[in-house]
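Chemist: In my numbering, the protein residues as written are 1 to 373.
Even glycine gets a Cβ: it sits at the ideal position worked out from N, Cα and C.
Let me give you the structure first, and then I'll get to my questions.
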C-alpha cells in the first residue's frame, strides 16, 4: 500500500498543479507535505485492499460461523492497517537513520527470505527425478537473468555536454569549460510498467468473476488471461509492458526541463542549439533508447511464466524475472553505491578495492539529476 500510495502521489504531480508545486517549488515544506499525504493515502489503500482480501477469505468458507461478520471485518481491518503503519514507520526510520530507502530494503528482504525455501524445494525435486543437468541449466539461466537485469538497471546513454568558456585573471584570457555528460537511463521507468500491466491483466478475471460467477472466470479466454503460463496472457502482457514503458517515460523524462537546466548552468550539447532544439534532441535520444529498454523489460516480465512452462516450480520461477528480480537488483545496487559513497567520503578505499561499481562517481549535478529521473 505504501508503494501504491507513492506511485499515486508521483503521478498526481504530473496531473494536478497543487502536487506539481509541492514537488518542484516548495522545497522541504513540500516534501514533508507530500510525505504526510502519502501516509494518509497508505492507510486508505490498506483498508480498501484489506477489505478485498478479507472478502476473499470470507468467500473461502474458512471462518468460524459463530464469529460475527462485522466483528471479523472490523478487527482484521484494524490489524492489517496497524501492520502496514508499523512497516511504514520502520521503513521511514531506516531511511532517516540508515543507508538507502527503508521501504525498498524491507521489500527486498521479504523477497530474499523466500529464496532459500524455493531453491531447496527445486533442488530436492531435481534430485528425486534425476535431473541434475536440468538444475545446472536452471541456475545458469538464473545467472543470465540477473546479468540482464543489472544491464537494464545500470544501462545509460551518455549525451556529451560542454560548459561555456569563461574569462579568468586580469588579462581576461578565455578558459575552455569542462566537459561532462547527461545520462539518460535505458530503463527510466523502473518496475512501474510491470506493476501497471499486472493490474490490467487482473481486471478481466476479476470482472468476470464479479459479474458472471466462478464458472465464467474459469472457462475460455478469461481463464487464459488468468493463467500467466498461457500464450495469450504472455503476448498481451508483453505488449502492455512496452506500452506502459513509453507512457511512463514520457511522464517522468521532461526534455524541456533538461534544456532549461543546461541553459541555467551555461552548458550546451555540442552541435545542438540551446533551447527548443536541445529539448527535441534529448527527446529523440530518449525515444530511441526507450524501445530496447522496453523490450528488455517486457522479456524480463514474462520470464517467470516461461520458466514455469519449462517445469520450474512456481516459487522459484518468480526469481527468474518480473518485479522480483528488478527490485532485488535495483535495491542491492543502490544500497551498495550508497555504502561506497559513505566509505569514500571518510577516505576509505571502498567496499571492494578491486571492483568497479558503475556510477560510483557521478560527476556533476547533471549526472545525478539524470540518474534520479
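(1) Work out the CA separation of residue 122 and residue 316 for me, nearest whole Å.
(2) Looking only at DSSP bridge pairs, what is residue 182 linked to?
(3) My assumption, with CB atoms under 8 Å, is that residue 41 sits in contact with residue 5. Please give the rounded CB distance.
(4) So within the stretch 56-144, which uninterrupted alpha helix (DSSP H) runs reach at least 4 residues, ignoring any that extend past its ends?
(5) Within this structure, are the beta carbons of residue 461 and residue 195 separated by less than 8 Å?
(6) Going by DSSP in three states, residue 188 sits in which element: helix, strand or coil?
(7) By a C-beta neighbour count over all protein chains shown, 10 Å radius and 16 as the cutoff for buried, is residue 337 buried or exposed?
(8) Determine the DSSP secondary structure at residue 310, reduced to helix, strand or coil.
(9) Do you know offhand how far residue 107's Cα is from residue 329's?
(10) Should residue 304 be labelled buried (16 or more other beta-carbon atoms within 10 Å of its own) or exposed?
(11) Alpha carbon to alpha carbon, how far is residue 33 from residue 79?
(12) Per DSSP, what are the beta-bridge partners of residue 268 in this structure?
(13) Rounded to whole angstroms, what's the CA-CA distance from residue 10 to residue 37? Just pull it up for me.
(14) When you compare the stretch 278-294 with the stretch 182-189, are there three or more beta-carbon pairs, one atom per stretch, that lie closer than 8 Å?
(15) Does DSSP classify residue 234 as helix, strand or coil?
(16) Can you find the residues in the same chain that come closer than 7 Å, C-beta to C-beta, to residue 188, ignoring five residues on each side of it along the sequence?
(17) So residue 340 is in the alpha helix (DSSP H); what residue range does that whole segment cover?
(18) Would you kindly report the start and end of the unbroken alpha helix (DSSP H) that includes residue 13?
(19) Is residue 17 buried or exposed, if buried means 16 or more other CB atoms sit within 10 Å of its CB?
(20) Does the Cβ of residue 192 have 16 or more other Cβ atoms within 10 Å, making it buried, or fewer, making it exposed?
(21) Please classify residue 283: does DSSP put it in a helix, a strand, or coil?
(22) Throw me the rounded Cβ distance for the residue 229 and residue 308 pair, which I believe falls under 8 Å.
(23) How many angstroms separate the CA atom of residue 19 from the CA atom of residue 82?
(24) Rounded to the nearest angstrom, what separates residue 265 and residue 157 at their Cα positions?
(25) Cα separation between residue 247 and residue 76?
(26) Using C-beta distances below 8 Å, list every residue in its chain close to residue 410, excluding the 5 sequence neighbours before and after it, in chain order.
(27) When you compare the CB positions of residue 162 and residue 268, do they come within less than 8 Å of one another, or not?
(28) Is it true that the CB of residue 236 sits closer than 8 Å to the CB of residue 295?
(29) Using only CA atoms, which one of 66, 344, 74 and 43 lies nearest to residue 55?
(30) Determine the direct distance from the alpha carbon of residue 201 to that of residue 273, and round the result to whole angstroms.
(31) Given residue 21, which residues of its chain have a CB within under 8 Å of its CB, disregarding the five upstream and five downstream residues?
Modeler: Reading off the structure:
(1) 7 Å
(2) 159
(3) Contact holds; Cβ gap of about 4 Å.
(4) 69-97 and 102-129
(5) One cannot answer for residue 461 here, as it falls past the ends of the chain, which runs 1 to 373.
(6) If DSSP states are grouped into helix, strand and coil, residue 188 belongs with coil.
(7) buried
(8) Coil at residue 310, not helix or strand.
(9) 12 Å
(10) buried
(11) 26 Å
(12) Looking at the DSSP assignment, residue 268 forms a beta bridge with 162.
(13) When only Cα atoms are considered, residue 10 and residue 37 end up about 11 Å apart.
(14) Of all C-beta pairs linking the stretch 278-294 to the stretch 182-189, three or more are shorter than 8 Å, placing the two stretches in contact.
(15) helix
(16) 249, 252, 253 and 373
(17) 322-345
(18) 2-15
(19) exposed
(20) buried
(21) helix
(22) 5 Å
(23) 27 Å
(24) In a straight line, the C-alpha of residue 265 is about 21 Å away from that of residue 157.
(25) 37 Å
(26) In the structure as shown, the chain starts at 1 and stops at 373, and residue 410 therefore has no counterpart that could be examined.
(27) Against a cut-off of 8 Å, the Cβ pair of residue 268 and residue 162 comes out as a contact.
(28) no
(29) 74
(30) 44 Å
(31) 30
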